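Colleague:
Residue numbers (mature numbering (1 follows the signal peptide of the UniProt record, and there is no 0)): -21 to -1, 1 to 175.
1. Tell me, please, which residues DSSP counts as bridged to residue 67.
2. Among the candidates 142, 147, 99, 15, whose CA atom is the shortest distance from the CA of residue 37?
3. Quick check: the segment 127 to 147 against the segment 66 to 84, are at least 3 beta-carbon pairs closer than 8 Å?
4. What's the gap between the Cα of residue 15 and the Cα of residue 153?
5. At which residues does the beta strand (DSSP E) containing residue 105 begin and terminate?
6. Can you find the residues in the same chain that come closer than 8 Å, C-beta to C-beta, to residue 33, ignoring five residues on each side of it along the sequence?
7. Could you check what DSSP says for residue 7 in three-state terms: helix, strand or coil?
8. Consult DSSP for residue 62 and reduce its assignment to one of helix, strand or coil.
9. Determine the closest residue to residue 7 out of 95, 39, 55, with distance taken between C-alpha atoms.
10. Classify residue 50 as helix, strand or coil using the three-state DSSP reduction.
11. According to the Cβ coordinates, are residue 5 and residue 104 closer than 8 Å?
12. With DSSP as the reference, please indicate the residues paired to residue 91 in a beta bridge.
13. Helix, strand or coil for residue 129, going by three-state DSSP, please let me know.
14. Alpha carbon to alpha carbon, how far is residue 46 from residue 83?
15. Can you list, in chain order, the residues of its chain whose CB lies under 8 Å from that of residue 106, leaving out five sequence neighbours each side?
16. Opposite residue 124 in the DSSP bridges: which residues?
17. Kindly list the residues whose CB is nearer than 7 Å to the CB of residue -16, restricted to its own chain and excluding five residues on each side of it in sequence; keep chain order.
18. Excluding the 5 residues flanking residue 10 on each side, which residues of the same chain have their C-beta closer than 6 Å to its C-beta?
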């Protein structure tokens, strides 16, 4: 009897299914493609992106950014309130038509963490599989002029239901302080010419 038990344990241990779900967050190896490496659970193969339309929309607090101003980003869920939320994410800001993240994230919500893809804190991922919702607000700072950028997110509702590289609207760099001083100088110059 004991011999059969050991054989059963050995068989179970050698036939253990590979599981690639990462409840502690996306690895840095996913930074470029943003594709999860989740097992589909049935046969150990990697799960495919959901064919259904994503219920999530990525929103930004502004349409323009400066080098020093913080931008707030959040995920809006279009479903009924009882179904709302996502469990996993990988969030970056990228130059339009580029796969390299730009800027840095700060003050991330509970159940998420900062990771480094190219430079420190340039991406956000989940730190567990607790449900995150619209109250999860992410804060980003450019730290320079990156040209036109967009926020890009992969969201996972479950191990087998996820959407890859959803994009926000485009944000353009704005040098508000330069344009204000330029406008002031121009108006001052016109005023001086009118007086003299």
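We put the CB at the ideal spot given by N, CA and C, even for glycine. Quick caveat: nothing in here was measured; it's all calculated off a predicted structure.
Modeller: The structure says:
1. Residue mapping note: residue 67 aligns to position 88 of the chain shown, counting from 1. BP columns for residue 67 point to 135.
2. Here residue 37 refers to the residue found at position 58 of the chain shown. The shortest C-alpha separation from residue 37 is found at 147.
3. yes
4. Your numbering for residue 15 matches position 36 in the chain shown. Your numbering for residue 153 matches position 174 in the chain shown. Computed Cα separation, rounded: 34 Å.
5. Along the chain shown, one-based indexing puts residue 105 at 126. That run of the beta strand (DSSP E) goes 102 to 105.
6. Position 54 of the chain shown holds residue 33. Here the set comprises 134, 142, 145.
7. As a position in the chain shown, residue 7 is number 28, starting the count at 1. Of the three classes helix, strand and coil, the one that applies to residue 7 here is helix, per DSSP.
8. If you number the chain shown from 1, residue 62 lands on position 83. Correct three-state label for residue 62: helix.
9. Locating residue 7 in the chain shown gives position 28, counting from the first residue. Residue 95 is the option with its Cα nearest to residue 7.
10. Mapped onto the chain shown, residue 50 falls at position 71. Three-state result, residue 50: strand.
11. In the chain shown, the residue the question calls residue 5 occupies position 26. In the chain shown, the residue the question calls residue 104 occupies position 125. Cβ distance < 8 Å, so residue 5 and residue 104 count as in contact.
12. Translated into the one-based positions of the chain shown, residue 91 becomes position 112. In DSSP, residue 91 forms a bridge with 105.
13. As a position in the chain shown, residue 129 is number 150, starting the count at 1. Three-state result, residue 129: strand.
14. Position 67 of the chain shown, counting from 1, holds the residue named residue 46. Position 104 of the chain shown, counting from 1, holds the residue named residue 83. The straight-line gap from Cα to Cα measures roughly 11 Å.
15. Here residue 106 corresponds to residue number 127 of the chain shown, with the count starting at 1. 3, 4, 90, 91, 92.
16. Locating residue 124 in the chain shown gives position 145, where the first residue counts as 1. In DSSP, residue 124 forms no bridge with anything.
17. Here residue -16 refers to the residue found at position 6 of the chain shown. With a pLDDT of only 46 at residue -16, under 50, the local geometry of the prediction cannot be trusted, and the value read off the model is given with reservation. So the list is empty, once near-sequence residues are dropped.
18. One-based indexing of the chain shown puts residue 10 at position 31. Here the set comprises 96.
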